[in-house]
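Read in order, the letters of the sequence shown are residues 123 to 361 in my numbering. Shown next, in structure tokens, is the structure this report addresses.
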Amino acid sequence: MNKFILGTTVLSIALIGTACDGIDTANEEMFHDNGNTINVNDREDLYNENSWTKKGAHRGEDFGYVRQQKSPTGGQTISTNDMYSINREQVADTISKMSVSLPDVKDCSTLVTDEEVLISYVTDKKDKDGRFEVADQVKKTAMSVIPRWYHVYVTDDKSLMRNVENLAKMDSDSRNANTAIDDTINLMLQDSPQGRNVDAGENPNGEMTSEKYEMQDDDVHKINKDRQKRKDNTDNMVD
123 MNKFILGTTV LSIALIGTAC DGIDTANEEM FHDNGNTINV NDREDLYNEN
173 SWTKKGAHRG EDFGYVRQQK SPTGGQTIST NDMYSINREQ VADTISKMSV
223 SLPDVKDCST LVTDEEVLIS YVTDKKDKDG RFEVADQVKK TAMSVIPRWY
273 HVYVTDDKSL MRNVENLAKM DSDSRNANTA IDDTINLMLQ DSPQGRNVDA
323 GENPNGEMTS EKYEMQDDDV HKINKDRQKR KDNTDNMVD
């Protein structure tokens with residue numbers, strides 16, 4: 123009888139040990155990278171940029187879920203090196219596709235820089251109110267896709283579509299890139315409506331209307347507001 127009890131006890135301990143090992147292994151899979159990340163769908167990396175192209179993966183079937191915890195080790199911080207990285211080409215493609223799906227937009231070109239989105243589109247609307255409403259729709263479409271710190275500028279001037287296309291040949295390190303961007307934005311503001319203010323503290327392009335709220339260190343390219351003059355008579359009303 124004692125031998126039976128002893129054998130049962132040893133077997134139980136072994137099973138418990140195996141279960142604990144399984145739990146530990148699962149935890150190791152859940153807490154990866156810096157030991158703080160729990161990612162259900164992709165345990166090999168915090169965010170796999172190519173995962174959406176895999177067969178059947180992340181095409182609407184799966185929800186996106188990531189949980190972050192502070193490191194239990196004092197002084198260890200979570201890496202933010204890739205926190206704000208986006209695929210600009212993919213974002214531009216998404217904005218253009220969504221914009222041409224609007225009833226009054228026939229053609230759309232989108233440029234995404236490090237902190238601006240420039241959109242040139244073609245519409246049949248010629249009256250002031252009609253142009254204003256289309257501008258507001260296109261702008262809101264872009265803002266529904268991009269990170270919140272981005273500024274959005276739109277134009278229905280067909281001649282400016284070439285300007286936007288020429289900027290696409292540059293990058294953040296190109297000489298005079300900021301000046302070229304400012305010049306194009308200036309033309310957009312002069313010639314085209316920009317829609318309604320985003321909210322009480324932001325103008326139609328998402329720029330803070332109070333200097334004390336302006337981003338400082340996070341801004342890669344600051345708009346030269348002294349060179350920009352708004353002539354579009356954009357409505358100041360907020361929805």
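From the three backbone atoms N, C-alpha and C, an ideal C-beta is built for every residue, glycine too. For clarity, every value in this text was computed on a predicted model and none was experimentally measured.
In this structure, 211 is the residue among 211, 247, 244 and 231 with its C-alpha nearest to the C-alpha of residue 293. Going by beta carbons, residue 214 and residue 234 fall inside the 8 Å limit. For residue 225, the number of other beta carbons within 10 angstroms of its own is below 16, and it is reported as exposed. With a contact defined as Cβ atoms closer than 8 Å, residue 260 and residue 239 miss out at about 10 Å. The Cβ-Cβ distance between residue 283 and residue 218 does not fall below 8 Å. Less than 8 Å divides the Cβ of residue 254 from the Cβ of residue 315.
The segment 301 to 310 makes contact with the segment 265 to 281; the number of CB pairs closer than 8 Å reaches 3 or more. For the set 183, 271 and 242, the Cα lying nearest the Cα of residue 289 is the one of 242. With fewer than 16 other Cβ atoms inside 10 Å of its own Cβ, residue 209 counts as exposed. Excluding its 5 nearest sequence neighbours in each direction, residue 297 has no C-beta neighbour in its own chain below 6 Å. Residue 324 is bridged by DSSP to 321 and 330. Apart from the 5 residues on each side of it in sequence, residue 220 sits with its Cβ closer than 6 Å to the Cβ of 263 in its chain, given in chain order.
About 5 Å separates the CB atoms of residue 318 and residue 258; that is less than 8 Å, so the two are in contact.
Short of 6 Å from the beta carbon of residue 299, and not among the five residues preceding or following it, lie these beta carbons of its own chain, in chain order: 292.
When secondary structure is reduced to three states using DSSP, residue 301 falls in the helix class. Runs of the alpha helix (DSSP H) lying entirely within the segment 239 to 296, each at least 4 residues long, are 250 to 265 and 282 to 289 in chain order. DSSP, read as helix, strand or coil, puts residue 229 in strand. Closest option to residue 252, judged by alpha-carbon separation, among 227, 267 and 266: 227.
Beta-bridge pairing by DSSP links residue 234 to 239. With a cutoff of 8 Å on beta-carbon distance, residue 267 and residue 216 are scored as near each other.
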